[in-house]
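Taken in order, these protein sequences are the chains called X and B. UniProt numbering numbers the first residue of the first sequence as 1 and each following residue consecutively. UniProt numbering numbers the first residue of the second sequence as 1 and each following residue consecutively. No residue lacks a Cβ here, since even glycine has one placed at the ideal position from N, Cα and C.
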Amino acid sequence: MSSRNAMRTATLPAPLRVGLSRGGLEVKSFFREKEAVLFTFAMPVILLVVLGAILNGEIGATGIDYRQYLSAGIIAAGIMSTTFVGIGVGIATERDDGTLKRLYGSPMPRSAYFIGKTICALVLSVLETALLLVIGTVLYGLEPPGDLGRWITFGWVFMLGVASCTLLGIAISSVPRSHRSASTVLNVPFLVLQFTSGVFFMFGDLPKAVQQLSALFPLKWMCQGLRSALLPDTLLVQEPVPSWEHGRVALMLSLWCAAGLALCLTTFRWKRRDDR
Amino acid sequence: MTAVEVRDLRKSYGANKAVDGIDLDIAQGEVFALLGPNGAGKSTTVEILEGHRRRDSGEVRVLGCDPGRATREWRSRLGIVPQTSGDSSELTVREMVRHFAGYHPEPSDPEAVIHAVGLSEKAGVRLGRLSGGQRRRVDVALGIIGRPELLFLDEPTTGFDPEARRRFWKLIEDLSHGGTTILLTTHYLDEAEALADRVAVIARGRILEVNTPGELGGRSAATARVGWLDSGSERGVIETDTPTQVIAELSERFGGEIPELTVTRPSLEDMYLSMIGGPA
């Protein structure tokens with residue numbers, strides 16, 4: 001018996017391997033769940049098409065169509081939808097229905113669960129962003145980043161946006177009491193932030209107080225960073241500050257990553273509230 | 001060697017003493033059943049042993065380790081079939097079982113396990129489309145895929161039809177013959193009687209008795225009840241410690257065959273109900 005145990009110790013599967021396997025499983029189950037696909041993945045696409053059909057016109061004398069501005073904002077919102085909302089509601093549901101408890105009792109390495117969620121968030125965000133980018137380009141004349149510098153900006157803003165929103169989604173999943181309230185708990189802040197962060201309305205047109213409040217949260221900085229990569233610099237005259245503030249974008253999103261990670265490490269619950 | 005060793009285990013939820021000083025010893029290879037009414041402390045006890053809940057006090061050793069300090073290595077030696085699982089997974093039975101096999105150092109062949117729990121025909125079906133009993137069998141498959149040394153079964157056959165229950169019993173017998181130690185909680189006394197080497201009756205957080213199913217509550221020594229159809233339509237009944245002699249006398253009286261003869265001893269259920277009904 002002891003030799004059998006010793007052998008077992010030696011061959012416990014590596015966390016990264018289990019994590020990759022979980023990632024594949026997460027993506028597969030996501031696309032099989034029609035409601036999740038509709039609410040987190042298809043919603044930004046629907047919003048972009050519907051709002052784009054209703055609203056248009058040039059922004060000032062910048063030569064930029066409002067719908068291009070909208071496209072950049074919806075890409076940021078799409079990242080937040082698939083990560084913050086999708087991951088957050090997903091984990092709250094898994095906590096409620098016993099999935100987390102089963103995993104907790106298994107020899108799955110704890111890190112593998114989060115590796116899986118991260119892979120899922122990344123894959124969904126890449127697909128979502130690509131889809132929105134194509135729609136913006138084809139329907140509204142949005143131009144993909146024109147040079148390497150803009151691609152690099154696009155890349156790091158995307159990565160920091162995915163990372164901060166995923167971590168916040170994991171952290172906030174411990175707040176709702178059940179999966180029934182999870183969707184509300186996550187969608188309300190997301191919806192409010194979309195109105196106040198420069199997704200639907202131009203950020204420069206918003207009241208100063210709203211601008212300052214929104215600047216505390218990541219979505220505003222994701223929108224701004226993506227605009228800097230996707231829209232011409234002529235837009236800068238419409239921004240509250242005539243600069244893309246890349247340093248600040250990176251700083252704010254990094255701070256939110258750190259805060260999200262700290263929250264995850266301190267508040268994550270594997271069990272329901274009534275399971276002690 | 002002892003698979004499970006518990007001394008003076010206690011756990012309260014507020015003023016409610018869910019587990020109020022329990023001792024348990026389960027030998028390696030044994031099938032051990034915890035019987036008790038709802039709220040008796042069965043599930044709390046089992047979840048403490050599984051490492052799911054913290055205890056307030058007491059000594060606990062499960063496969064030589066403290067479940068409060070669970071490691072992956074220790075968890076890989078356990079199999080857990082939880083009481084309820086409502087995960088409405090969009091994955092198929094085969095995908096799920098294969099994936100869980102990947103958590104373990106020496107898993108069984110997923111197809112063999114799916115076959116063993118009787119789900120071969122449903123292997124390609126998504127979990128959300130299975131019946132309650134079929135879902136339960138997936139739980140069992142996930143519990144045994146890692147070839148556990150100790151298997152926890154928390155009310156495993158709730159919602160099974162009689163045929164599925166019989167098949168499940170066979171599966172548990174096979175696992176037991178293969179050397180797996182099994183700790184079972186159940187409401188069903190016939191299940192405990194069919195499967196368990198020993199039974200513990202638990203009520204109000206305490207263990208009332210630990211015994212073999214046949215000996216529980218002094219059952220084997222209990223008075224037998226001999227009944228028959230007396231002259232006309234009256235039923236005669238005699239409670240006796242010597243039923244064979246009573247039958248011989250009756251046989252003589254009737255000149256051979258005794259009409260509608262019955263000899264009964266109290267069932268496990270009778271003993272159990274009188275135990276949990278009485279003062280703890």
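For the candidate residues the options, whose alpha-carbon lies nearest to that of residue i?
| i | options | result |
| --- | --- | --- |
| V140(B) | G118(B), L250(B), P67(B) | G118(B) |
| L167(X) | R272(X), I79(X), I64(X), R67(X) | I79(X) |
| L127(X) | T99(X), F158(X), V89(X) | F158(X) |
| V162(X) | T184(X), I119(X), W270(X) | I119(X) |
| I59(X) | R272(X), W244(X), L236(X) | L236(X) |
| G64(B) | Y188(B), L208(B), E73(B) | E73(B) |
| L16(X) | G159(B), G102(B), T242(B), R69(B) | G102(B) |
| residue 282(B) | Y13(B), G14(B), V6(B) | Since the first and last residues shown for chain B are 1 and 280, residue 282(B) lies out of range. |
| G178(B) | E252(B), G39(B), R147(B) | R147(B) |
Could you check where the beta strand (DSSP E) with residue i kicks off and where it finishes?
| i | result |
| --- | --- |
| L91(B) | Run containing L91(B): none; DSSP gives neither H nor E here. |
| Y66(X) | No beta strand (DSSP E) contains Y66(X), which is instead part of the alpha helix (DSSP H) from 66-80. |
| R7(B) | 2-13 |
| L35(B) | 31-35 |
| V199(B) | 198-203 |
| D154(B) | 150-154 |
| R206(B) | 206-211 |
Which same chain residues end up closer than 7 angstroms to residue i when comparing Cβ atoms and leaving out the 5 residues on each side of it in sequence?
| i | result |
| --- | --- |
| V138(X) | none |
| V19(B) | L9, R10, K11, G41, T44, T45, G205 |
| P266(B) | R219, A222 |
| V113(B) | V97, A141, I144, I145 |
| S125(X) | I79, T82, T83, V162 |
Looking only at its chain, what residues have a beta carbon closer than 8 angstroms to the beta carbon of residue i, apart from the 5 residues adjacent to it on each side?
| i | result |
| --- | --- |
| V37(X) | F30, F31 |
| A116(B) | A141, I144, L171, D174 |
| R248(X) | W221 |
| E30(B) | A3, T181, I182, D197, R198 |
| T62(X) | P232, T234, L235, V237, Q238 |
| L189(B) | L35, S267, L268, E269, Y272 |
| L127(B) | D87, S88, S89, E90, L91, T92, V93, M96, R135, V138 |
Tell me the DSSP secondary structure of residue i in three-state form.
| i | result |
| --- | --- |
| I258(B) | coil |
| V19(B) | strand |
| L219(X) | helix |
| V192(X) | helix |
| S178(X) | coil |
| N187(X) | helix |
| W228(B) | strand |
| N5(X) | Confidence is the limiting factor: at N5(X) the pLDDT is only 47, short of 50, which leaves the residue's position unreliable, though a coordinate-based value still follows. Helix, per DSSP. |
| G19(X) | helix |
| R272(X) | coil |
| E58(X) | strand |
| V125(B) | coil |
| L206(X) | coil |
| D25(B) | strand |
| E239(B) | strand |
| L268(B) | helix |
| G79(B) | strand |
| V199(X) | coil |
| V263(B) | strand |
| P279(B) | Residue placement at P279(B) is flagged as unreliable, the pLDDT there being 44, under the threshold of 50; a coordinate-derived value is accordingly withheld. |
| S274(B) | helix |
Do we get a CB-CB distance below 9 angstroms when we pair residue i with the residues of chain B?
| i | result |
| --- | --- |
| L216(X) | no |
| L127(X) | no |
| T267(X) | no |
| M108(X) | yes |
Indicate whether at least one CB of chain X lies closer than 9 angstroms to the CB of residue i.
| i | result |
| --- | --- |
| R137(B) | no |
| T2(B) | no |
| G277(B) | no |
| Q134(B) | no |
| H104(B) | yes |
What residue range is occupied by the uninterrupted alpha helix (DSSP H) comprising residue i?
| i | result |
| --- | --- |
| T45(B) | 42-49 |
| T99(X) | 99-105 |
| L231(X) | Looking at the DSSP string, L231(X) is not in any alpha helix (DSSP H), and its letter there is neither H nor E. |
| V134(X) | 110-140 |
| F154(X) | 148-172 |
| R61(B) | Taken as a continuous stretch (DSSP letters only), R61(B) belongs to no alpha helix (DSSP H), being part of the beta strand (DSSP E) at 57-62. |
| T181(B) | Note, T181(B): premise wrong, no alpha helix (DSSP H); beta strand (DSSP E) at 181-186. |
| L12(X) | Neither: L12(X) is in no alpha helix (DSSP H) and is coded neither H nor E. |
| F160(B) | Run containing F160(B): none; DSSP gives neither H nor E here. |
| R248(X) | 246-267 |
Is residue i near the ligand GDP, going by C-beta to nearest heavy atom under 8 angstroms?
| i | result |
| --- | --- |
| E58(X) | Annotation note on the ligand GDP: not contained in the displayed structure, which lists no ligands. |
Within the same chain, show all residues whose beta-carbon is closer than 6 angstroms to that of residue i, passing over the 5 residues directly before and after it, in chain order.
| i | result |
| --- | --- |
| W270(X) | L100, Y104 |
| L261(B) | W228 |
| L160(X) | L253 |
| T196(X) | V210, S214 |
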